[in-house]
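Novice: In our numbering, the protein residues as written are 115 to 525.
Cβ coordinates follow ideal geometry from the N, Cα and C atoms, glycine included.
Here it is, the structure in full.
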Ligand SMILES: *Cc1c(COP(=O)(O)O)cnc(C)c1O
């Protein structure tokens, strides 16, 4: 069968097919990627890039990790999908291991971050109904943060108060209020009898890598306890080890009532999950929620391989240790190139350099010099290496950044 994947692929040919047949909901891409190994990817012209974009914080264990490839390939040959009409051993085992990390509770598996948040929003409604003695529609609101990102479904959009996300799709799903991130008092002001939950990212990712302070998260936990609200934490981007803890909220020593996960969980195989603390785990009853693909044997095998690799290679300790000196080097770059750089934000490998002006031209210049990054918010370049990145590759990232910021001449 003749196809673009078997004939000689070029970035130009692929771009032409995109132009003809792919919807233009994404901006134009600079090139076509065809291969990956460890912290590197190659484009169709065989140019190599150090990948600190990691498919937007997805490739937790780099590209083509041998253990991941072996277990996923073997599972693909054995059994891929059966639906949730049947039990799946890999789903059971993955749930057990995630409960171990979250501390008890129960899991629901889906396929993406937006779906994980959709699940959390539905959970909030069930909780509100229970709080209202079984009456629906009285207590249902969820408060989220102004600079948040929670996905592109109607639930996710409602939770994401950004014109660039909501624009064109009015009316939004009702039931959301917004307050200022890192300002627990502003959340308190939004609470009344109609509010059922607060939903927060521990480290705002799309918004430009803004970590929640420990004081804020503890204040929100206290507010939720005081008012009978559920605390829902969106760990879709910052979770699965990226901060040096499995869940980023662990840094603050708080316990959420529910957690959304996705991105890094399958390290490239689509899988999302919602975790619920035991006290709330009976709110969903048979038939109340579901998804066809969620937790299928192949997806769960991919996630189990990721957990194996994180544990066997002691990646949480490595992220903490290696990111400390990497952050020092990045901070030094900020001091060295003050005309272009305004600061460093983030925790572990969920980091961003703050630039003066538009970050997009810098993302392009870095790419032209062999480093893939992604814009964060309106002022930052996100740097999100795989958790198993080598010290040498971290050093290389600093060299490329230094070169690009050091040799740029404003036209
Ligand atoms: C990416 C992201 C989502 C949405 O995940 P999708 O898999 O793209 O649906 C939700 N929340 C956060 C914090 C994210 O970073």
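Let's test the definition: count the other Cβ atoms within 10 Å of the Cβ of residue 262 and tell me whether it reaches 16, buried, or not, exposed.
Specialist: Buried, since its Cβ has 16 or more Cβ neighbours within 10 Å.
Novice: I'd like to know if the segment 372 to 389 and the segment 197 to 204 are in contact, where contact means that at least 3 CB-CB pairs between them fall below 8 Å.
Specialist: Counting Cβ pairs under 8 Å, fewer than three are found: no touch.
Novice: Kindly examine ligand 1 and report whether one of its heavy atoms sits closer than 7 Å to the Cβ of residue 139.
Specialist: No, ligand 1 has no heavy atom inside 7 Å of this Cβ.
Novice: For residue 258, which beta-bridge partners are listed by DSSP?
Specialist: Looking at the DSSP assignment, residue 258 forms a beta bridge with 292.
Novice: By how many angstroms is the C-alpha of residue 435 removed from the C-alpha of residue 208?
Specialist: Residue 208 and residue 435: Cα-Cα distance of roughly 27 Å.
Novice: What does the Cβ neighbour count give for residue 508, buried or exposed, with the cut at 16 atoms within 10 Å?
Specialist: Buried, since its Cβ has 16 or more Cβ neighbours within 10 Å.
Novice: According to DSSP, is residue 501 part of a helix, a strand, or is it coil?
Specialist: Looking at residue 501 - three-state DSSP - the assignment turns out to be coil, as it is neither helix nor strand.
Novice: With which residues is residue 154 paired in a DSSP beta bridge?
Specialist: DSSP, once it has assigned bridges, lists 151, 164 as partnering residue 154.
Novice: Use the C-beta contact count for residue 401: other C-beta atoms within 10 angstroms, 16 or more gives buried, fewer gives exposed.
Specialist: It counts as exposed.
Novice: Applying the criterion that 16 or more other CB atoms from any shown protein chain within 10 Å of the CB defines a buried residue, is residue 195 buried or exposed?
Specialist: Classification for residue 195: exposed.
Novice: Take residue 474 and list the residues in its own chain whose beta-carbon comes closer than 8 Å to its own, dropping the five residues that flank it on each side.
Specialist: If we look at residue 474 and ignore the five residues flanking it on each side, its Cβ neighbours are 489.
Novice: Mind checking whether residue 280 and residue 295 have CB atoms under 8 Å apart?
Specialist: Contact flag unset, no.
Novice: Taking the C-alpha atoms as reference points, what is the distance between residue 495 and residue 255?
Specialist: Cα to Cα, the separation comes out at about 33 Å.
Novice: What separation, rounded to the nearest whole angstrom, lies between the Cα atoms of residue 127 and residue 517?
Specialist: Approximately 32 Å, taken between the alpha carbons.
Novice: With a cut-off of 8 Å on the beta carbons, I'd call residue 362 and residue 327 a contact; round off their distance for me.
Specialist: Wrong, their Cβ atoms sit about 12 Å apart, outside the cutoff.
Novice: State the Cα-Cα distance for the pair residue 291 and residue 140, rounded to the nearest angstrom.
Specialist: So the alpha carbons of these two residues sit roughly 28 Å apart.
Novice: Would you tell me roughly how many angstroms separate the C-alpha atoms of residue 332 and residue 525, rounded to the nearest one?
Specialist: Taking the straight line joining both Cα atoms gives about 48 Å.
Novice: Using 8 Å as the cut-off, can you tell me whether the segment 375 to 383 makes contact with the segment 417 to 427, which would need three or more C-beta pairs spanning the two stretches below that distance?
Specialist: Segments in contact, yes.
Novice: On the CB-based measure, 16 or more other CB atoms within 10 Å of its CB, does residue 520 come out buried or exposed?
Specialist: Under this definition residue 520 is an exposed residue.
Novice: Rounded to a whole number of angstroms, what is the C-alpha to C-alpha distance between residue 244 and residue 193?
Specialist: When rounded, the distance between both Cα atoms is 39 Å.
Novice: If you compare alpha carbons, which of 306, 354, 404 is closest to residue 431?
Specialist: The option with the nearest alpha carbon to residue 431 is 354.
Novice: Would you check if the segment 216 to 227 and the segment 181 to 190 touch, i.e. whether three or more CB-CB distances between them fall below 8 Å?
Specialist: Too few Cβ pairs lie closer than 8 Å, so no.
Novice: Name the residue from 407, 152, 485, 169 whose alpha carbon lies nearest to the alpha carbon of residue 504.
Specialist: Residue 152 is the option with its Cα nearest to residue 504.
Novice: Sort 360, 235, 441, 506 by Cα distance to residue 174 and report the nearest one.
Specialist: Nearest C-alpha to residue 174: 360.
Novice: Pick helix, strand or coil for residue 490, following the three-state DSSP scheme.
Specialist: Note: residue 490 maps to strand in three-state DSSP.
Novice: For residue 223, tell me which candidate among 403, 502, 513 has the shortest Cα-Cα distance.
Specialist: Here the closest residue by C-alpha is 403.
Novice: Taking the alpha-carbon of residue 177 as reference, which of 185, 170, 155, 288 has the nearest alpha-carbon?
Specialist: Residue 155 is the option with its Cα nearest to residue 177.
Novice: Give me the residue from 304, 345, 462 with the minimum Cα distance to residue 373.
Specialist: Ranking 304, 345, 462 by Cα distance to residue 373 puts 345 first.
Novice: I need the straight-line Cα distance from residue 145 to residue 170, nearest angstrom please.
Specialist: Whole-angstrom Cα-Cα distance: 16 Å.
Novice: Are residue 462 and residue 321 close, meaning C-beta to C-beta below 8 Å?
Specialist: The answer is no: Cβ separation not under 8 Å.
Novice: By a C-beta neighbour count over all protein chains shown, 10 Å radius and 16 as the cutoff for buried, is residue 313 buried or exposed?
Specialist: The residue is buried, with at least 16 neighbouring Cβ atoms inside 10 Å.
Novice: Do you know whose CA, among 147, 350, 399, 212, lies nearest residue 124's CA?
Specialist: Ranking 147, 350, 399, 212 by Cα distance to residue 124 puts 147 first.
Novice: What residues are listed by DSSP as bridge partners for residue 278?
Specialist: Residue 278 pairs with nothing; no bridge assigned.
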